Every structure is written in structure tokens, then in C-alpha cells.
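If you read the sequences in order, they're chains A and B. Residue numbering for the first sequence follows the numbering used here, starting at 1141 and increasing by one per position. Residue numbering for the second sequence follows the numbering used here, starting at 10 and increasing by one per position. The C-beta atom is built at its ideal place from N, Cα and C for all residues, glycine as well. The model shown is predicted, which means the values in this text are computed figures rather than measured ones.
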Amino acid sequence: MSIKIKNLYKNYKRFEAVKNLNFEIKKGSITGLLGPNGCGKTTTIGMILGLIRPTKGEVLINNKDIEIEKNRISVLEKMNFISPYVELPKKLSVKENLIVYGKMYEVKNLQNRINTLSNDLNLENFLNKKTGELSSGQKNRVSLAKSLINNPEILLLDEPTASLDPDTGDYVRSYIENYAKKNNTTILLASHNMSEVERLCENIMMMKQGKIIDEGTCEELIFKHGRVNLEETFLKLVRE
Amino acid sequence: MKLRRMYALSIRHLYLIRGSFPRILDLIYWPTIQIILWGFISKFFTMYSDYYNNTVGVILSCAILYDFLFRSSISFNMLFLEEIWSRNFTNLFVAPLKLSEIITALTFTALVRTLIGIVPAVLLMSPLFGVSIINLGAPLFLLFLSLYMFGTTLGILVTSGLLRFGPSFENTAWSSLFLLAPLGCVYYPLSILPEWLQYISNLLPLVYVFEEARSILINNSVNYDNIINALLLNLIYFSLSVIIFYFSFYGARKKGTLVNMGE
């Protein structure tokens, strides 16, 4: 599945959160969305997920306009999302949470899917534990399992490794990398972790004040702005 | 004990009250509603002290019916609030759930939640007070259905407010039903209200439900007009509430409140 954004605007009263965004993310590619806090990344992801209604413009998923309710539901069946700001019910066990979401996404052979994800993400030891009793690293892996429960063709990742220790962060990054390659998943990754973006993303879009101010591969951006790494390139672009 | 430190703690809360009009309104709301409700109850008992003679259990039966209404509405709201409190809200709205599926699922789950709470209370009535709500006979089912529909309608309306305005609308979830207690004529007949208030009360299905419950228990007669009126009004309000819920959802999408609700 591909994501196509055409002339996208979002205004909150007089504040222009997103201004004339145009981009396309091809099927099976991983694209990074970088920018300082408040630059419009979350609003953009919200519009792609159908949570926010654009003021103007179109979000096309596989050429389907998600503003049409029927399209929105059929597209959401094949998408999923993870964010550190969104959690799973704390009083439900990990397994119960995965069953709930598996059923919402109408996953076939749900038990097998849960077993596979538990095995891949090392959830077996706390599958029957309440989600609220887990460490942040464990919670993150459970959220990742939820985001993969429907074997999504499009995965939207909003700071997927925020607040994780380097070891768990690395584990999650490796898992996402391998998963995307194996399943040809289209991924949009919003992150402040430059090394994560450098490692995972084939293409990077830099956002500032609601606009995309530059895009390209990591190497192209670093070379174009005469910097030595992505972090310095990012700092140059946002401070200009 | 340092006065300045105690003062600091006090002004922390005073700032909160000063900065929020809904909080001030909330502080005024509860005593006002209590005064109005108990004012009408007192007036009723002063004027008609022999009204409930030889009809033990009328007040208790009405209390149970009102609690059923209260529980159905609060259950619906609670199911929605739980998602906000657990920060799971966004996950639900990025799942392929239609709004009609959300409303239907919450409506039925709220019924289960309500029954878990109300059945033990109903069972306790008989051994403790020698009163059984079953005395209402077959119409009891229709009265419960009416109250459940109205409770769900209120639940959907409050949920629409939560969707549209975010968690700050939470207080309304708790207070909406208490506003209806005095107007709904739960413990006294409609005639006790001033005439102008009776016009408003007549628009509430509650009035017909409780008038009918009293009529059955006191006069042993069933007036199906009351039951039909209540059900028809419920049908109208329920349909309106569903429309409002859809509008609120689209309003929330426009305003962006579906993202990170509960933050």
C-alpha cells in the first residue's frame, strides 16, 4: 500500500499547523519524518490515520480518499500505529489486550498470531501479567505487538523508541527493520532519534512550521547542507 | 507549622478554581440541585402526607428504578471514560471500528455493567424491607426498557461532549442525571411542580415512567398511554443523540481532539 498526500493543509482556527504538504511514500519503503516539536508531524500522522480532518487537500491510501467513511474503515483494517503517548488498558493482561485488538482487526487464527508475536517479541514471560505492571521496555514491546497484530501493510510509527534504554531501543529498531523487509511494509517514522532515522529510513522529510523544507536520502541531505551527520543537518535546517 | 507554606498549598487549589469556570459552576451546581430536589419532596409531603399510606415500597421502588437509569447512563459514560483515562482512546479510533459499532458495543456492555450493579440491590429489597419491585408486574419490563433507553441516550450525549470537548467535559458525565431528578418527578407526582416547570417535565420520558410506576403500585392500574409516551419520547431522543454523536465525531476530527485524548 502507498501513501499519497496532495496539497494538504490543517488550520486550527488561525494557526496553520500544516501548510501545503505534498509527498508520496511508495509501497514497502521506510520514510522518516523529522522536525522540531510542534512542527506538524503528529498532525500529519493524525490526518493519515483519519483522526484529524484536513482543512484542505487529500490523503490517499492506495489511491483511496480516506475522507470517505467506507474507505477510512477499509484502509484502517490494513494500517496500524504506535506512539509512546498512546497506551493499552493497564488493567488488562497483555494477552487480553492482544485478543481485544486481534478481534477488532478481525485477525484470522488469532491464537497463532499472538503466539508468533509473543515469540518474536519475547512476550511469553509476561503474557498473563497486567499491562500496567510492566516496565516501559516491556510495554513498548506489547504496543509493538498490538501494532503488528493485523499484519499491517502500512505502519505509522510516532517516536517508537522514545523513553527506551539503548538496548531495548536497538532491539525494537532491529525488529522493525527486519519486519518491514520481510513483509514489504510501508512505514512512516516520526522520530527525534537521528541515528534511528539514519539506520531505518531510505528517505527523509524535514518539517518546519508545518511545511516540508527539504527531503532526500540521508546521504543526500548531509551532503547538500555540508554537514557530517544527520543531527547536524537537522540542527542547521531548524535553526535557519 | 509555617503559614506561608500552608497558604501556598491553598492558593494552588484556588488558582485552579479561579481559572476554570466549569469548576465554579460545578461547586454551585450540586447544592442547588439538592435544594431543589428536597424542596419539592418536602413540599409534597407537607401537602399530601397521606399520599403513600398503605403503599409501602413506592418510594423504594422508585429509588431502584431511578438507580437503574443512573447506572445505565453512568455505565455508558464510564466505558468511554475508561478509554480516556487509560490513554487507549487513540488506539480505538485508529482501529477499523465504525461509529455504529462503537455505539452498539457500548450500549450492550453498559447493560451488563448495570445489571451487575442493580440485581443484588433488587434482591436485597425483599428480605430487608419486605418490598419487591416485581410487584410492578409485566409493565416492569417496559419501564426498565424505557429507563435503559433514556440512560443510554444521556450516555451517548455526554460521550458526544467528551469527544467534542475532551476530558474537561467529564464533570458533566457525573452531573447530568442529577439535574433530571427534580424534573423527572422520581419521588413525587408531576402536579407538585410549578405549572411552567410541568411543561418542561412533560418532555422527559422519566415523568411518564415514574407516574406509571406510582399508578401501578398505588392504584393497581396500568395506563399504557404513559408507557407508550415514554417509549416514543425515548425513541426520538435516542435517534437525536446518535445524530449528535456522529456530528461530535466529525467535529472532534476537525478540532483534532481524537489525537492524544487524555493528555
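{"Item": "Contact set between Y1319(A) and chain B, taken where Cβ atoms lie within less than 8 Å", "Value": "Here the premise fails: no neighbours, minimum Cβ distance about 19 Å."}
{"Item": "Rounded distance between the beta-carbons of I1352(A) and L1200(A), thought under 8 Å", "Value": "That pair is no contact at about 17 Å."}
{"Item": "Which of helix, strand or coil DSSP assigns to I252(B)", "Value": "helix"}
{"Item": "Secondary structure of N1291(A), DSSP reduced to three states", "Value": "coil"}
{"Item": "Burial state of L167(B) (16 or more Cβ within 10 Å)", "Value": "Here residue 167(B) is Val; the residue named in the question, Leu, does not match the sequence. V167(B) comes out buried."}
{"Item": "The region 251-261 of chain B contacting the region 165-180 of chain B, beta-carbon criterion three pairs below 8 Å", "Value": "yes"}
{"Item": "According to DSSP, residues forming a beta bridge with K1150(A)", "Value": "V1158(A)"}
{"Item": "Own chain, CB closer than 6 Å to K1153(A), minus 5 neighbours either side, in chain order", "Value": "none"}
{"Item": "Local conformation of G260(B) per DSSP, three classes", "Value": "helix"}
{"Item": "Three-state secondary structure assigned by DSSP to T266(B)", "Value": "coil"}
{"Item": "Buried versus exposed call for V1215(A) [16 or more other C-beta atoms within 10 Å across all chains shown]", "Value": "buried"}
{"Item": "Within 7 Å of chain A by C-beta, residues of the region 73-102 of chain B in sequence order", "Value": "S95, R96, N97, T99, N100 and F102"}
{"Item": "Closer than 7 Å to chain B by CB, K1269(A)", "Value": "no"}
{"Item": "Within-7 Å CB hit, K52(B) to chain A", "Value": "no"}
{"Item": "At least 3 beta-carbon pairs within less than 8 Å: the region 71-88 of chain B vs the region 149-161 of chain B", "Value": "yes"}
{"Item": "Chain B contacts from the region 1181-1193 of chain A (Cβ-Cβ distance under 9 Å)", "Value": "T1182, T1183, I1185, G1186, L1189, G1190, L1191, I1192 and R1193"}
{"Item": "S1287(A) versus N1369(A), Y1319(A) and K1270(A), residue with shortest Cα-Cα distance", "Value": "Y1319(A)"}
{"Item": "Beta carbon proximity, A114(B) to chain A, threshold 7 Å", "Value": "no"}
{"Item": "Under 7 Å between C-beta atoms of I1188(A) and L1340(A)", "Value": "no"}
{"Item": "Interface positions of the region 1201-1229 of chain A facing chain B (Cβ-Cβ less than 9 Å), listed along the chain", "Value": "E1209, R1212, I1213, S1214, V1215, L1216, E1217, K1218, M1219, N1220, F1221, S1223, Y1225, V1226, E1227, L1228 and P1229"}
{"Item": "Alpha carbon of S224(B) to alpha carbon of N232(B), nearest angstrom", "Value": "8 Å"}
{"Item": "Proximity test, Cβ basis, 7 Å: M1244(A) and chain B", "Value": "yes"}
{"Item": "Contact list for Y1241(A) against chain B, beta-carbon separation under 8 Å", "Value": "N100 and A104"}
{"Item": "Spatial distance of E272(B) from D59(B) (CA atoms)", "Value": "Reliability of the predicted coordinates at E272(B) is poor, the pLDDT of 44 falling under 50, and the value obtained from them is presented with this limitation in mind. E272(B) and D59(B): Cα-Cα distance of roughly 55 Å."}
{"Item": "Assumed close pair L1191(A), T99(B) - CB separation to whole angstroms, cut-off 8 Å", "Value": "7 Å"}
{"Item": "Proximity of A1330(A) and L1173(A) at Cβ, strictly below 7 Å", "Value": "yes"}
{"Item": "Beta-carbon spacing of T1183(A), V1158(A) below 7 Å", "Value": "yes"}
{"Item": "Residues of its chain near R27(B), where Cβ-Cβ distance is below 7 Å and the 5 sequence neighbours each way are ignored", "Value": "none"}
{"Item": "4 or more residues per run - each alpha helix (DSSP H) lying fully within the region 64-101 of chain B", "Value": "67-94"}
{"Item": "Residues of its chain near K1269(A), where Cβ-Cβ distance is below 7 Å and the 5 sequence neighbours each way are ignored", "Value": "S1233 and V1234"}
{"Item": "F1266(A), enclosing alpha helix (DSSP H) - first and last residue", "Value": "Taken as a continuous stretch (DSSP letters only), F1266(A) belongs to no alpha helix (DSSP H), as it is neither H nor E."}
{"Item": "Span of the beta strand (DSSP E), counted from its first residue to its last, around G1356(A)", "Value": "K1351 to G1356"}
{"Item": "Chain A within 7 Å of L226(B), Cβ atoms only", "Value": "no"}
{"Item": "Close-in-space but distant-in-sequence residues of the same chain around R173(B) (CB under 8 Å, 5 per side omitted)", "Value": "S257, G260, A261, K264 and T266"}
{"Item": "Span separating the alpha-carbon of S1258(A) from that of L192(B)", "Value": "55 Å"}
{"Item": "8 Å contact criterion, which I1344(A) and L1328(A) should meet: CB distance rounded", "Value": "That pair is no contact at about 11 Å."}
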